[in-house]
Amino acid sequence: MVALGPVRLRRLVRSPGGAVGAGLTATVVVVAAAAGWLAPGDPFASVAPALQPPSAAHLLGTDDLGRDLFTAVVHGLRTSLLVAIAVALVAGVVGVTVGGVTGYVGGLVDDALMRVTELVQVVPRFFLAVVVIALWGPGMDHLILLLGLTSWTWTARIVRAETYTLREREFVDAARSLGGSHRRIVLRHVLPNALPPTVVMLSVVASSAILIEAGLGFVGLGDPQVVSLGSLASDAQRFLRTAWWMALFPGVAIVITIVGINLLGDELNDLLDPRLGR
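For the sequence shown, our numbering assigns the number 264 to the last residue and increments by one with no breaks.
Shown next as structure tokens:
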């Protein structure tokens, strides 16, 4: 596997897109990971008069129920990041497995799995999520599994195309001539060279998961047990003229998270490609 060594890390931070993406993503990760320390209070608790503007006491102001908006946004960021990571992991594992098998084996296996891929690809994820929530109720576990199991198709297609090309390369033929098993060849020689393009796609999957989770929260179908940036933005609709901060800060948090993830993923695509120079 290709690792981010010192040289690649320096290239990452020297690139404008990479530096911005890494900075934004790192900020979101740190804030989300330290949510319990940065905002230890209950995000659902009323702690001050309603609709207070940003101040030293409440950095992002309060909402219509007197809840501290800074606490809510920090915990909402954690929710978004957890959903993004979990969905990307599920989609990545399924997509890489399907793409690697279809690209390396080919034949009837390729045809069958590609038909399944096409079937899953046409499923409208947001509306499917609405149906699942209507049937089984809101829940983060339902949402993560649903999005993960319907977001792997493009990753599978990318890995399949890369694997299909790589399986005929000279270094793969050399590994076969030395007696390497199919499993060893795929895991050691094919997938490390096929994975870099999937980084960008998985960043898109993560961003899409954040938007869908926020969208469900915005229309009132999010998990009521957790704070959602989408539900915060939804609550702010009635107060756009009188309490602008209620809509601004959750929206900015969503934009920062998505832009950071996409910029970082795009830069990592080049840095992790072993076919490019070190």
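Glycine is no exception: its CB is placed at the ideal position from the N, C-alpha and C atoms.
* With DSSP run on the structure shown, which of helix, strand or coil describes S163? -> helix
* Complete runs of the alpha helix (DSSP H) confined to the region 62 to 101 [at least 4 residues] -> none
* Exposed or buried, what is D221 when buried is set at 16 or more other beta-carbons lying within 10 Å of its beta-carbon? -> buried
* To do: Take the Cβ of W23 as the centre, count every other Cβ of all protein chains shown within 10 Å, and call the residue buried at 16 or more, exposed below.
  => exposed
* Asked: Going along the chain, which residues of its own chain have a beta-carbon closer than 7 Å to the beta-carbon of P124, five neighbours each way excluded?
  -> L207, G208, D209 and P210
* Look at the alpha carbon of T88 and the alpha carbon of V186, and state the distance between them as a whole number of angstroms. => 21 Å
* Hey, quick one: how far does the alpha helix (DSSP H) through P236 stretch, first residue to last? -> W231 to L257
* Starting from the N-terminal side, write out each stretch of the alpha helix (DSSP H) that is 4 residues or longer and does not extend beyond the region 147 to 202. => 156 to 163, 168 to 171 and 177 to 180
* P39 to M232 span [Cα, whole Å] -> 9 Å
* Determine the closest residue to M126 out of A200, R162, S167 and L173, with distance taken between C-alpha atoms. => A200
* Grab the span of the alpha helix (DSSP H) containing D221 for me, first residue to last. => L215 to D221
* For D54, which three-state DSSP category applies? -> strand
* How would you call P29, buried or exposed, if buried means at least 16 neighbouring beta carbons within 10 angstroms? -> buried
* To do: List the residues that DSSP assigns as beta-bridge partners of T48.
  => D54
* A5, enclosing alpha helix (DSSP H) - first and last residue -> P2 to A19
* Asked: Among V82, I119 and L135, which has the Cα closest to the Cα of L181?
  -> V82
* Asked: Going straight from the alpha carbon of F112 to that of S137, what length do you get?
  -> 11 Å
* When we look at the beta-carbon of A19 and count the other beta-carbons within 10 Å, is it buried (16 or more) or exposed? -> exposed
* Asked: Sorted by chain position, which residues of the same chain lie with C-beta nearer than 6 Å to M(-13)'s C-beta, five sequence neighbours on each side aside?
  -> At M(-13) the pLDDT is 46, less than 50, meaning the model places this residue with poor confidence; the figure from the coordinates comes in the next sentence. For M(-13), where only same-chain residues beyond five positions count, the Cβ hits under 6 Å are P178.
* Does the beta-carbon distance from N271 to P183 come in below 8 Å? -> Within the shown structure, residues of the chain are numbered from -13 to 264, placing residue 271 beyond reach of any answer.
* How many angstroms separate the CA atom of G62 from the CA atom of V212? -> 8 Å
* Asked: In terms of DSSP beta bridges, what is S32 paired with?
  -> R53
* Distance, L37 Cα to L51 Cα -> 8 Å
* Is D127 helix, strand or coil when you go by DSSP? -> helix
* Asked: Going by Cα to Cα distance, which pick from G134, A219 and V106 is closest to A192?
  -> G134
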